[in-house]
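Below is one structure; the comments refer to it alone.
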């Protein structure tokens, strides 16, 4: 009986974690962030009313919460993958957290081995924490961009990233539509960024380091989420305008990234900052009244409709790719 309960515990933890995500400030779907996204939608609605024929508020709510989107077969796969990745997290969370601190410690030791112990830099606590906040945000955002870029450009990684792009409709839960292999890669990215930045700051300043935060959340991430990050995966095409979209990635720009149109392929890899896409030549500015269709090619779409297909097909396609290119 005891072994059965132990076997069942990760599933219970995954259920709790999935539900608790809406009350966890560390999650993008934390309910105040969702409320903020809804408010941005209402502001967008008011803007549309002044520029187009009036639409009733009731009709707009129906547009936002359409069953055709939220109960679409593609959205149901989003929800299943969200739970599955929470199950993996429930199994791996303790070693994952320990690895973060262990890697930060290794970075400190690498600095010591490379240049020896140094006198710590004498900055005020506020200056240290502000610098740490900015450096961490920039490193984290660039690492997200670069990993996302690699997921598109390296053929065997693209096979796993197809799972995310196979979404036919977008909801805030589509963020979590990841193959477990991609989920692992993004967790590894997080570990590396935390270790490099935190370990380096500790080596040079030899003091406790805390990012500027709200609700114990990194200030930059909090602002990103409260400013409508959930609308990136939605059917509400909010643009920041031509000038700001050269600085920040808008929801409309990320929706372009999910577009099936060939001219939108491999555009707007960024999460927060648009600079990286500008440097890599992948920035695409949104246009008013652009109609988008989401998903992968019509040829591949039937391969990614069920949970099982989304889990299995990347491995099958990877094997076919290896056989064609490596094992000729």
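Numbering (my numbering), first residue to last: 514 to 841. Each residue gets a CB set at the ideal place from its N, CA and C atoms; glycine is no exception. Quantities reported herein were computed from a predicted structural model and do not represent experimental measurements.
Excluding sequence positions up to five before and after residue 822, its CB lies within less than 8 Å of the CB of 816, all in the same chain and listed in chain order. Among the bridge pairs identified by DSSP, residue 730 is matched with 727.
Under the three-state reduction of DSSP output, residue 807 falls in the strand class.
Residue 686 places its beta carbon less than 8 Å from that of residue 595. Beta-bridge annotation (DSSP): residue 786 is paired with 761. Taken in chain order, the complete alpha helix (DSSP H) segments of 4 or more residues contained in the stretch 680-756 are 693-718, 732-739. With fewer than 16 other CB atoms across the displayed protein chains lying within 10 angstroms of its CB, residue 810 is exposed. Beta bridge pairing from DSSP links residue 772 with 807. In the three-state scheme derived from DSSP, where H, G and I count as helix and E and B as strand, residue 827 is classed as helix.
DSSP, reduced to helix, strand and coil, places residue 816 within a helical segment of the structure shown. Listed in chain order, the non-local C-beta contacts of residue 549 below 6 Å within the same chain comprise 739, local neighbours out to five positions each way being set aside.
When secondary structure is reduced to three states using DSSP, residue 595 falls in the helix class.
In this structure, residue 666 keeps its C-beta atom at 8 Å or more from the C-beta atom of residue 587. Closest in alpha carbon position to residue 629, among 637, 635, 620, 636, is 620. Around the beta carbon of residue 789, 16 or more other beta carbons lie within 10 angstroms, which makes this residue buried. Here the stretch 632-643 lies against the stretch 711-725, with 3 or more beta-carbon pairs under 8 Å apart. Each residue's CA atom was taken as its position, placing residue 651 and residue 824 some 32 Å apart.
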